[in-house]
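Residue numbers (numbering that gives the first Met the number 0), protein chains in the order written: chain A, 0 to 159; chain B, 0 to 159.
This report concerns only the one structure given below.
Number of protein chains: 2
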Amino acid sequence: MLSGTWDVRIAKNNDAVEIAQLLHDFNTEFETPSPGPRILADRLFALLGSDGTFALLAGRPAIALALVTLRSNVWYDGRVALLDELYVVPGHRNQGVGSAFMNELVGSAKAFNIDLIEINVDEGDADAQRFYARHGFVSAEPVTQARAFYFFRDFTTPPE
Amino acid sequence: MLSGTWDVRIAKNNDAVEIAQLLHDFNTEFETPSPGPRILADRLFALLGSDGTFALLAGRPAIALALVTLRSNVWYDGRVALLDELYVVPGHRNQGVGSAFMNELVGSAKAFNIDLIEINVDEGDADAQRFYARHGFVSAEPVTQARAFYFFRDFTTPPE
């Protein structure tokens, strides 16, 4: 697969260690907790072998990662994909690799039997919102024009 | 399972027709497209037989429905649940059945191996936001305090 000047490929199980390090670096950079590269690698090895997760990589060694999970939804015949993570290492930002990933995701949606792609984008991150809008994503529901906030409850941390 | 005065039960495959009608009525009430009860029932029969979807029902005949899909996520050992739909028929609103569902979901999360429950809530629906907040849900990310908007691209409808 070639998107722009970046060779975008679908990760295999044996990319798990490299992806784990990227994800760990991602969270470290943004001061978010990480269970560490070893636990992430174990999980990724299992997840990438299932049909519920796939990852895109760019560069060898990989300098960018898109991580996608899939699920069913009663309103669609096909699958619903959530872009869980999109990470480009600091030295390679603003070089089009994010767009190469999005072009690949959007272009391959039909082949992957994906009817909907979802992304949660920070309210204050206007750059990211414009980026996804450029790739055909919207936040306003078609009928009501309402936007939605992402709410969550994490059961792995004690309640406040 | 008993939550408050409402008998909340986990739906079985053979509840598919009844759930399909509730979902169709839901979308009809809110002027959202629906593929119709028959297609929804076929999908639900398959989905409720998989380990990626479950539904909670209240009342016989059912007067309320919560529909949940599950997926993996690299940051969690357990599963991530998305509350796709929460619907109470018009004559039974404000009677605590929504809270009975949420108590059941939150209380059973550990038993279902669920580490995170996610819900997308309309930006302008302060009542719904308060409802989920009462049940321990937050929209602000713990470290950055950023909220996130839900973005999506639907591949079943032609691009604008």
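The beta carbon of each residue, even a glycine, is placed where N, CA and C say it ideally should be.
Taking the alpha helix (DSSP H) that residue i falls in, what are its first and last residues?
i        : result
B:Phe25  : Ala15 to Glu28
A:Tyr131 : Ala125 to Arg133
A:Pro36  : Pro36 to Leu47
B:Asn102 : Val96 to Ser107
Is there at least one non-hydrogen atom of the ligand NAD closer than 7 Å to the beta-carbon of residue i?
i       : result
B:Phe25 : This structure does not include the ligand NAD; it has no bound ligands of any sort.
Verify the CB distance criterion: does residue i have a CB-CB separation below 8 Å to chain A?
i        : result
B:Lys11  : no
B:Leu56  : no
B:Leu39  : yes
B:Ile62  : no
B:Gly95  : no
B:Val169 : For residue 169 of chain B there is no data in the structure shown, the boundaries of chain B being 0 and 159.
B:Leu21  : no
Residues of chain B with CB closer than 7 Å to the CB of residue i, please, in chain order.
i        : result
A:Ser138 : Phe148, Tyr149 and Phe150
Which one or two residues does DSSP pair with residue i in a beta bridge?
i        : result
A:Asp153 : B:Leu115
A:Thr68  : A:Thr52 and A:Leu81
A:Ala63  : A:Ala57 and A:Val87
A:Phe148 : B:Val120 and B:Phe148
A:Val137 : B:Phe151
For chain B, check one thing: does any of its Cβ atoms lie closer than 8 Å to the Cβ of residue i?
i        : result
A:Ser2   : Low per-residue confidence applies at A:Ser2: pLDDT is 46, beneath 50, and the placement is therefore not dependable enough to give any value.
A:Thr27  : no
A:Arg42  : yes
A:Asp171 : Residue 171 of chain A lies beyond the stretch modelled for chain A, which goes from 0 to 159, so this question has no answer here.
A:Leu85  : no
A:Glu17  : no
A:Ala99  : no
With a cut-off of 8 Å, does the C-beta of residue i fall near any C-beta of chain C?
i        : result
A:Asn119 : The structure shown contains no chain C; its protein chains are A and B.
Of all the options the options, which has the alpha carbon lying nearest to the alpha carbon of residue i?
i        : options                                   : result
A:Phe44  : B:Lys11, B:Asn72 and B:Ala80              : B:Asn72
A:Leu150 : B:Asp126, B:Gly123, B:Asn119 and B:Arg133 : In the sequence as presented, Leu is not what sits at residue 150 of chain A; that position holds Phe. The option with the nearest alpha carbon to A:Phe150 is B:Asn119.
A:Asn12  : A:Ser138, A:Gly90, A:Asp41 and A:Gly58    : A:Asp41
A:Leu56  : A:Asp24, A:Ala15 and A:Phe29              : A:Ala15
B:Gly90  : B:Ile9, B:Leu22, B:Ile62 and B:Thr155     : B:Ile62
A:Arg8   : A:Asp24, A:Phe53 and A:Ser33              : A:Phe53
A:His23  : A:Glu30, A:Phe29 and A:Pro36              : A:Pro36
B:Ile38  : B:Ser49, B:Gln20 and B:Asp50              : B:Gln20
B:Lys109 : B:Ala65, B:Gly77, B:Glu17 and B:Leu46     : B:Gly77
B:Trp5   : B:Val105, B:Phe100 and B:Tyr86            : B:Phe100
A:Leu47  : A:Pro60, A:Val67 and A:Pro32              : A:Val67
A:Ser138 : B:Phe148, B:His134 and B:Ala139           : B:Phe148
B:Ala80  : A:Val88, A:Val87, A:Leu82 and A:Arg70     : A:Arg70
A:Ala127 : A:Gly51, A:Tyr86 and A:Glu30              : A:Tyr86
B:Asp114 : A:Thr155, A:Glu30 and A:Ser33             : A:Thr155
B:Gly29  : A:Asp153, A:Gly97 and A:Gln144            : Looking at the sequence provided, one finds Phe at residue 29 of chain B rather than Gly. If we check each option's Cα against that of B:Phe29, A:Gln144 comes out closest.
Under 9 Å between beta-carbons, which chain A residues line up against residue i? List them in chain order, please.
i        : result
B:Thr52  : Arg70, Ser71, Asn72 and Val73
B:Ala108 : Arg152 and Phe154
B:Gly90  : Those do not exist, as B:Gly90 stays about 23 Å from chain A at its closest Cβ, beyond 9 Å.
Which residues of chain B have a Cβ atom closer than 9 Å to the Cβ of residue i, listed in chain order?
i        : result
A:Tyr131 : Phe150 and Arg152
A:Val105 : Arg152 and Phe154
Which residues of chain A have a Cβ atom closer than 7 Å to the Cβ of residue i, listed in chain order?
i        : result
B:Ala65  : By Cβ distance, chain A contributes nothing, its closest Cβ being about 12 Å from B:Ala65, past 7 Å.
B:Ala125 : Here the premise fails: no neighbours, minimum Cβ distance about 11 Å.
Can you name the residues of chain A whose CB is closer than 8 Å to the CB of residue i?
i       : result
B:Gly35 : Chain A residues near B:Gly35: none, gap ~12 Å exceeds 8 Å.
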